[in-house]
Every structure is written in structure tokens, then in C-alpha cells.
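Numbering (this note's numbering), first residue to last: 65 to 414. Ideal Cβ placement from N, Cα and C applies to all residues, glycine included. Predicted model, so just to flag it, every value in this text is computed and none were measured.
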């Protein structure tokens, strides 16, 4: 009778000592991909902030227009009441009363229409803010123009270093550079280490005899160097394609810089023009307001008729609307400048 047991354990370790820089290049590529993903999120944040800022100042703009239409409506109502009083004492006639009433009703209709426009502006603002409830939005800021003295060189430097879209393009170009490096790494050999331990243990026992055992261990280590001598031109084609993509990306980056620089120049010129237009509207509204006050006194004194006074009201309304539009245009351009130079989140993020 014979009994036999055996055990053969084995442990093997494979370690790549050098993989033609592929590991380091792949890690750098993954880091760039992570930054590119964060850059895409940053662009979306900028777009959202700009949309909310525009909607907020649009609501302020419509609110100021509502106040202006209310002012004109009240002036027309005062004129209507004035004409009714004059008719009662026999100074005015029915024609003048009806004309004043028509002017008041016309201004009242304009005021009611502006109320709807203002309400819709608030609704659009709440929508962009993600507020779908019945909460009230308070517009706490003053609707006024902040005149900045920008320098085009400073704006261009800020754009080249902070513009999120351009930064993402830089990262995309870096990825193409890494792809080229990966294609080049295929020309390098790989060095690997393989080591391990093999063991053998057996025990044999015959009946009426002592058990016989055998044990041995084998420790080994191998270093191998692999180099691909020929692959049918696959590496060469891959390298050529990677270089073409890299050069294409470089051209696209240059085109983007040129396009953004051109857009920045146009925004800079537009901002300065709108600053000058705002100053013009400031002078215009002062003259129109003074003319309205003088015309009101002259109308009550009877030196001008109701038609002349109504014309002066229209001139004042046009000047006031022009001033409000100039303020909004200036704010809108300033927001665009902040966006293209990468500072909109810092300036308006809160």
C-alpha cells in the first residue's frame, strides 16, 4: 500500500521598467483631459452668468421705462384735469378737453403695455435663475452707467491669458502634442523584468516503511528588451497622422486668437462709442427736461397751445428712452468685455 502527496507553489512578478515613455505621456494626457473637462464647465458657467446679468439689467431697464411712462401718463392726466377745470369756468372748449383726454388715454395704454413688458422681463430673469415659484424678485441695484477707461493692450493680455474658450483650445492643442509624443514613443524599445519563485514538495509513504520527502526551490529573474523592427509602416503612418492633427490644431489656435482679438477690438471700439453716446444722451435729457418744465409753465400761461406742449412731451419721452437705452447698451458691452477677457465670473459671479 502506497500514499503520495505533492505541492507545487509558484509566484511570478512582471514589472515593466521602461515602456518608451508611454506611461508618463498617458498620465499627462489624462491630466490635460481632466482640465479640459473643467474648462468646458467653466465656459458653461460663464454663459450662464452672462445670461443672468443681461436678464437682470434688462429687468432694471424695463423698470426704469415703466417709471418714465408713469411720469408721462401723470403729466397727461394733470393736463386733462387742467383742461376740464378750464372748461368748467368757460376758458377752454370741448375740443381741448377731448384732446387732453385722448393724450392721457394714449399714455395710459403705453404704461399698461410697459407693465406687461416689465413683468415678462422679471419672469425671464426668474427662469434663468431657476426660480419657478411665486417669489418676488427685488431689483436692488441702481440703473446707472459705470464709465471705465479701458486700454486695449491690457484687455488683449487679459484675454490671451484668461479667456476660457481660448484656454480650452490650448488644452486641446496640448492633447494633440501628447498624441504625437505617444506615436513617437512606439519607436523606442521596452524593458521589462520577470522574476519569480517555483517550489516543489512531495511526500511518499509505503506500508511498513518511513515516509520519504523531497523539497526544492527555484528563484529566477529575467530582464528582457523588446524592440519592434518592422510593423508594415503602421508606426510611420500613425506618426504622420499625429503630426498633421497637431499642425491643424495649431492653425485652429492661431485662427481663434485672431478671431478673438478682432472681436475684442470691435467690442472696445463699440464701448467707447457707447460711452460718447451716453454722454450725449445725458446732455439731451437735461435740455429736454428743462424744456418740458418751461413748456408746462408756458402752457398754463397760455403762451403755447396744447399741440406744442404735447410735442415737447414726446421730445422728453424720446430723450429719456434714449438715455435708458444708452445705459443698457453700455452695460451690455461692458459685460461682453468682461466675458471675452475671462473676468465675468469674478466681476458678476456673486
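Reduced DSSP secondary structure (H/G/I, E/B, other) of residue i
i: residue 302; result: helix
i: residue 260; result: strand
i: residue 345; result: helix
i: residue 329; result: helix
i: residue 71; result: strand
i: residue 293; result: coil
i: residue 317; result: helix
i: residue 225; result: helix
i: residue 25; result: One cannot answer for residue 25 here, as it falls past the ends of the chain, which runs 65 to 414.
i: residue 155; result: coil
i: residue 324; result: helix
i: residue 78; result: strand
i: residue 255; result: strand
i: residue 212; result: coil
i: residue 312; result: helix
i: residue 359; result: helix
Status (buried if at least 16 other CB within 10 Å, exposed otherwise) for residue i
i: residue 297; result: exposed
i: residue 171; result: buried
i: residue 178; result: buried
i: residue 191; result: exposed
i: residue 377; result: buried
i: residue 55; result: Outside the displayed span of the chain (65 to 414) sits residue 55, for which this structure offers no information.
i: residue 371; result: exposed
i: residue 315; result: exposed
i: residue 129; result: buried
i: residue 123; result: buried
i: residue 392; result: buried
i: residue 211; result: exposed
i: residue 126; result: buried
Residues near residue i by beta carbon distance below 6 Å, same chain, minus five either side
i: residue 395; result: 121
i: residue 140; result: 167, 168 and 171
i: residue 359; result: 373 and 376
i: residue 402; result: 408 and 411
i: residue 143; result: 164
Extent of the continuous alpha helix (DSSP H) to which residue i belongs
i: residue 144; result: 86-152
i: residue 183; result: 158-192
i: residue 232; result: 228-249
i: residue 372; result: 370-404
i: residue 410; result: 408-412
Limits of the unbroken beta strand (DSSP E) element including residue i
i: residue 276; result: 276-290
Proximal residues to residue i (C-beta, below 7 Å), its chain only, five neighbours per side dropped
i: residue 86; result: 246 and 249
i: residue 254; result: 80, 82, 83, 84 and 290
i: residue 201; result: 186, 189 and 190
Other residues of its chain near residue i: CB distance less than 8 Å, five sequence neighbours each side excluded
i: residue 299; result: 247, 250, 251 and 292
i: residue 89; result: 242, 245, 246 and 249
Three or more C-beta pairs closer than 8 Å, one from the region 307-316 and one from the region 358-372: is that the case here? Pairwise C-beta distances place the region 307-316 out of contact with the region 358-372, as fewer than three of them are shorter than 8 Å.
Taking contact to mean at least 3 C-beta pairs separated by less than 8 Å, is the region 212-229 in contact with the region 328-339? yes
Say whether the region 131-139 touches the region 373-382, bearing in mind that this needs 3 or more beta-carbon pairs closer than 8 Å, one atom from each stretch. yes
Determine contact between the region 400-409 and the region 219-226, defined as no fewer than three beta-carbon pairs at a distance below 8 Å. yes
Stretch-stretch touch, CB-based, cutoff 8 Å, three pairs: the region 97-104 with the region 162-182: no
Three CB pairs or more closer than 8 Å across the region 139-154 and the region 69-79: no
Three CB pairs or more closer than 8 Å across the region 277-292 and the region 230-240: Touching, no, given that fewer than three Cβ pairs across the two stretches are closer than 8 Å.
Count the CB pairs spanning the region 101-110 and the region 313-324 that are closer than 8 Å, and state whether there are at least three. no
Contact between the region 180-191 and the region 108-127 (3+ Cβ pairs under 8 Å): Segments in contact, yes.
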